[in-house]
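Sequential numbering from 1189 applies to the sequence shown in the numbering used here.
Even for Gly, the Cβ is constructed at its ideal location relative to N, Cα and C.
First the structure, in the form of structure tokens, and then the observations on it.
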Amino acid sequence: MSRYARQMQVPGVGAIGQARLTAAHVLIIGAGGLGCTVIPALAAAGVGRLTIMDPDQVEMSNLHRQTLYRAADIGEPKAVAAAARATALNPDGQATAIVDRLDPANAPGLIATADLVVDAADSFAVTYTLSDLCLAAGKPLVSASIIGRAGYAGGFCGAAPSYRAVFPDLPAQVDSCAGAGVLGPAVAALGAVQAQMALSVLVGLEPSPLGRIVTLDMASWRFGGFGFDDATEAPGFGFVAVAQIVANDTVIDLRPAGTVHSIQGAQMVSPGDLADWPIPAGRVMLCCSTGLRAWRGAQVLATAVTAQDAVGGCAVLPVPPAMVAAQIRAAGLLLAAKLGMLANAGIVVAVAEALPDVPFVLDPVLATSAGVSLLDAAGRAAMIVRLIPRAAVVTPNLPEAAILTGLAPGAGLDHTASVLFAMGTRAVLLKGGHAEGPEAIDWLLRPEAAPLRFANVRKPGSRRGTGCTLASAIAVHLARGHDLATACAQAKRYLAAWI
1189 MSRYARQMQV
1199 PGVGAIGQAR
1209 LTAAHVLIIG
1219 AGGLGCTVIP
1229 ALAAAGVGRL
1239 TIMDPDQVEM
1249 SNLHRQTLYR
1259 AADIGEPKAV
1269 AAAARATALN
1279 PDGQATAIVD
1289 RLDPANAPGL
1299 IATADLVVDA
1309 ADSFAVTYTL
1319 SDLCLAAGKP
1329 LVSASIIGRA
1339 GYAGGFCGAA
1349 PSYRAVFPDL
1359 PAQVDSCAGA
1369 GVLGPAVAAL
1379 GAVQAQMALS
1389 VLVGLEPSPL
1399 GRIVTLDMAS
1409 WRFGGFGFDD
1419 ATEAPGFGFV
1429 AVAQIVANDT
1439 VIDLRPAGTV
1449 HSIQGAQMVS
1459 PGDLADWPIP
1469 AGRVMLCCST
1479 GLRAWRGAQV
1489 LATAVTAQDA
1499 VGGCAVLPVP
1509 PAMVAAQIRA
1519 AGLLLAAKLG
1529 MLANAGIVVA
1539 VAEALPDVPF
1549 VLDPVLATSA
1559 GVSLLDAAGR
1569 AAMIVRLIPR
1579 AAVVTPNLPE
1589 AAILTGLAPG
1599 AGLDHTASVL
1609 FAMGTRAVLL
1619 KGGHAEGPEA
1629 IDWLLRPEAA
1639 PLRFANVRKP
1649 GSRRGTGCTL
1659 ASAIAVHLAR
1669 GHDLATACAQ
1679 AKRYLAAWI
């Protein structure tokens, strides 16, 4: 019986799909925890050619999660050991090792010969570099990241928006497995998702994983996901290799003075002094150990941009994310909070980073009454990943629920709730003020409880701000220590008396 007989029985694979795998060339960046699951899965499935790139050697601390390696491999280059294992697993394919670090100088040539790129490096600098180059080359990119017990995998570029379109900015702090720790089964689970995404793209299975993110949180046992087909490509700061720096570039080294291997000719500048640093003409290159300080420094040096949209009478001037974060910190002790309009992904991330661990009500203001969008796809994606799983309750009205879930406005209550729960939502108060009928009916939906119905006689005339007021009142009662059902009931009584 053929080695591939069982997978060829899967609808959509067959002999044609298997032939596509045999002809495929996959570039895998990273042979660590994620790569150790992706590499044998693709090799065993019959992918004809794997190029495995990783600069590191196998260490004892890798073995608990990087199960492709053995104790005898300690000290060996990961790429070499992984390629040998892949070839031994399936001699039908070819596995090539590259013991080097991916950078913007060597990446274009590697991507050009590949049919698909797998980002298993778990490095934001590598991810943004691959995203930018795969977008330009029209090559699909399957990327994943995990810290501790939580992470995601997604299909980007090719026929889908890029990683940068979904995540235009970095979080305030970037953790690593070395600093925050990681558990092997969680890594393997996301690596398996990556491998399945790659196989689905190569074979052409439908629906395609391109334009989708799968989230996994093994701390709370939640699996979710969302689509981002409508995400808008966003400009941003690119990464460069040292070899790409030219004589006319101004190079600023943000690392501490006396750093070994400083770039020749670089000016040593403290990150705190950048705001007052005179910006020269020409290109400015910022460097640091990880890229995070360089990214933040570029934001300080960049010129502020005002975005205005007069369609439907809407003009939006977002407050800088750093200012939003400063406002939250200045509020001092919080017992609860209510979040309303968040104008972009940067603000969403800033709020998520600055908001203390208190109960909060997320009232997602996604569009004006005239239908003008107030939060783009990247912002919604950031909200789904960074805020929705943390919120005590999410309080969308019917149009907002439709935007958030991608469902039609008339989708049933159960269907809408199931999609919201798949995003990691703890509870939803679905506000029915936009519906028809003599009553305005709100539903409190929780994963393991019967729905609660709150109804008031609908009053004629415009009642703008009622949804915002309701969400704020719920936050007040949560701050007083009430449980969620009581807080919603008390807030509804307050609102009915107010209008």
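Pairwise C-alpha distance: residue j and residue i
i            : j            : result
residue 1496 : residue 1561 : Residue placement at residue 1496 is flagged as unreliable, the pLDDT there being 25, under the threshold of 50; the coordinate-derived value follows with that caveat. Approximately 12 Å between the Cα atoms of the pair.
residue 1261 : residue 1239 : 19 Å
residue 1207 : residue 1538 : 47 Å
residue 1474 : residue 1355 : 21 Å
residue 1406 : residue 1667 : 29 Å
residue 1319 : residue 1225 : 22 Å
residue 1587 : residue 1509 : 26 Å
residue 1636 : residue 1201 : 38 Å
residue 1257 : residue 1267 : 11 Å
residue 1376 : residue 1410 : 16 Å
residue 1321 : residue 1248 : 34 Å
residue 1442 : residue 1456 : 6 Å
residue 1444 : residue 1476 : 9 Å
residue 1676 : residue 1533 : 28 Å
residue 1567 : residue 1349 : 14 Å
Cutoff 6 Å; reference residue i; Cβ partners in own chain excluding five residues on either side
i            : result
residue 1611 : 1412, 1572 and 1576
residue 1340 : 1401 and 1403
residue 1680 : 1642
residue 1337 : 1371, 1374, 1406 and 1407
residue 1609 : 1635
Proximity of residue i and residue j at Cβ, strictly below 8 Å
i            : j            : result
residue 1419 : residue 1590 : no
residue 1299 : residue 1325 : yes
residue 1615 : residue 1634 : yes
residue 1549 : residue 1604 : no
residue 1236 : residue 1213 : yes
residue 1454 : residue 1434 : no
residue 1374 : residue 1401 : no
residue 1303 : residue 1230 : no
residue 1353 : residue 1217 : no
residue 1343 : residue 1378 : no
residue 1563 : residue 1595 : no
residue 1617 : residue 1581 : yes
residue 1282 : residue 1265 : no
residue 1273 : residue 1243 : no
residue 1432 : residue 1296 : no
residue 1222 : residue 1384 : no
Collapsed DSSP secondary structure at residue i in the structure displayed
i            : result
residue 1438 : strand
residue 1456 : strand
residue 1656 : helix
residue 1529 : coil
residue 1611 : coil
residue 1388 : helix
residue 1670 : coil
residue 1406 : coil
residue 1299 : helix
residue 1675 : helix
residue 1444 : coil
residue 1501 : For residue 1501, the predicted model reports a pLDDT of 32, less than 50, meaning its position is unreliable and no value from the coordinates is stated.
residue 1336 : strand
residue 1252 : coil
residue 1323 : helix
residue 1490 : Confidence in residue 1490 is poor, its pLDDT being 42 and thus under 50, which makes the residue's placement unreliable; the coordinate value appears in the next sentence. Residue state, collapsed to three classes: coil.
residue 1284 : strand
residue 1216 : strand
Beta-ladder partner(s) of residue i, from DSSP
i            : result
residue 1629 : 1643
residue 1414 : 1401
residue 1294 : Residue 1294 pairs with nothing; no bridge assigned.
residue 1278 : Bridge partners of residue 1278: none, in fact.
residue 1245 : 1265
residue 1535 : Answer by DSSP bridge pairing: none, since residue 1535 is not bridged.
residue 1342 : 1331 and 1401
residue 1240 : 1216 and 1285
Own chain, CB closer than 8 Å to residue i, minus 5 neighbours either side, in chain order
i            : result
residue 1517 : 1542
residue 1191 : 1234, 1278 and 1280
residue 1315 : 1307, 1309, 1331, 1333 and 1351
residue 1392 : 1200, 1205 and 1208
residue 1294 : 1288 and 1429
Neighbourhood of residue i by C-beta, 7 Å cutoff - its chain only, sequence neighbours within 5 removed
i            : result
residue 1211 : 1236
residue 1656 : 1528 and 1551
residue 1195 : 1201 and 1233
residue 1683 : 1654, 1657, 1658 and 1661
residue 1524 : 1546, 1547, 1548, 1663, 1666 and 1667
residue 1522 : 1544 and 1546
residue 1490 : At residue 1490 the pLDDT is 42, less than 50, meaning the model places this residue with poor confidence; the figure from the coordinates comes in the next sentence. Around residue 1490: no qualifying Cβ.
CB contact below 8 Å: residue i versus chain C
i            : result
residue 1474 : Of the protein chains in this structure there is only one, and it is not chain C.
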